[in-house]
Amino acid sequence: MNEAIPSKAFKHNLLFIIAGFCFNTFMLVPEYYCIFENSFFIHTTLLKLQVSHFIFVMINVVLATTLQNKSLVFLIHANLIGLMYSILMAPLCLVNYMHNMPAILNDCYMAAAFYVMVIQYKKMIRLTGLHTIKYLPIADAIAAFAFIAYLILG
Numbered sequence: 001m002n003e004a005i006p007s008k009a010f011k012h013n014l015l016f017i018i019a020g021f022c023f024n025t026f027m028l029v030p031e032y033y034c035i036f037e038n039s040f041f042i043h044t045t046l047l048k049l050q051v052s053h054f055i056f057v058m059i060n061v062v063l064a065t066t067l068q069n070k071s072l073v074f075l076i077h078a079n080l081i082g083l084m085y086s087i088l089m090a091p092l093c094l095v096n097y098m099h100n101m102p103a104i105l106n107d108c109y110m111a112a113a114f115y116v117m118v119i120q121y122k123k124m125i126r127l128t129g130l131h132t133i134k135y136l137p138i139a140d141a142i143a144a145f146a147f148i149a150y151l152i153l154g
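The letter at position 105 of the sequence shown is residue 105 when you use my numbering, and the numbering goes up by one with no holes.
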């Protein structure tokens, strides 16, 4: 059993994961209307964004099932990274709601937020000891780039 997740806290952790997923899914709506419609992703629809987010989350759930006793730790940290993205996008949503920013500024801000997420992901992998599982960061990177490619090309 992993010391980071006591068994009696399983329900609370699962509730946190579900609440975080719901919050991130809900936040895609204002992010889409305030940011994505005025960015590099202008041709993306809200449905496409929601579906690709759901698929990305499900890929992480499938990856977590391969981690045995660290699966919940992985999902909690992945959820925190998703929440961090939503929190980072909130100020940009507000600014774009009040005044449309140029698309290039939105794109740069999203790229910077993505960079911060990658840095946090690397820290999470190291801190949780998941860096020893070589396929995990590769699979997650492929999933993240597929998510972005689907939004751009799909």
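For every residue, glycine included, the Cβ atom is placed at its ideal position computed from N, Cα and C.
Backbone CA spacing between residue 135 and residue 64 [nearest angstrom]: Approximately 12 Å, taken between the alpha carbons.
Where residue 128 sits in the DSSP three-state scheme: If DSSP states are grouped into helix, strand and coil, residue 128 belongs with coil.
From 90, 59, 38, 109, residue whose alpha carbon lies closest to that of residue 147: Ranked by Cα distance from residue 147, the first of 90, 59, 38, 109 is 59.
CB of residue 49 within 7 Å of CB of residue 32, strictly: Yes, they are a contact pair.
N- and C-terminal bounds of the alpha helix (DSSP H) containing residue 35: It is not in any alpha helix (DSSP H) - residue 35 carries neither H nor E in the DSSP assignment.
Cβ-based neighbour list, residue 71, same chain, cut-off 7 Å, excluding 5 preceding and 5 following: Counting only residues of its own chain and dropping the five nearest sequence neighbours on each side, residue 71 has a CB closer than 7 Å to the CB of 64, 65.
CA-to-CA distance, residue 119 to residue 109, given in whole angstroms: Straight across, the Cα-Cα distance linking residue 109 with residue 119 is about 15 Å.
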